[in-house]
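Residue numbers (the working numbering): 95 to 161.
Virtual Cβ for every residue (Gly too), placed ideally from N, Cα, C.
So the structure is just underneath, and the comments pick up after that.
What follows is the structure, encoded as structure tokens:
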């Protein structure tokens, strides 16, 4: 799996998880959704993504967006 796909899958999973937790546990979990969205915007503008660095260390191959 490429780093790009791993980052997208991780971000999507975090959004879905935070929505479910926001529904059943506390609405404050929706702040995690906002954080993930802001991080995706920041990564698209700067090219810096902490999740991409983590997936690179875990052995994912380089993708188009994150080298």
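| field | Closest residue to residue 108 among 123, 118, 119 and 98 (Cα-Cα distance) | value | 123
| message | Taking 6 Å as the limit between beta carbons, can you name the residues of its chain near residue 159, skipping five residues before and five after? | response | Correct list, in chain order: 98.
| request: Consult DSSP for residue 138 and reduce its assignment to one of helix, strand or coil. | output: The three-state secondary structure of residue 138, taken from DSSP, is helix.
| said: Taking 8 Å as the threshold (C-beta atoms), are residue 104 and residue 145 in contact? | reply: yes
| request: Mind reading off the beta-carbon distance from residue 96 to residue 155? Whole number of angstroms is fine, and I expect it under 8 Å. | output: 6 Å
| Delimiting residues of the alpha helix (DSSP H) encompassing residue 157 | Here residue 157 belongs to no alpha helix (DSSP H), and DSSP marks it neither H nor E.
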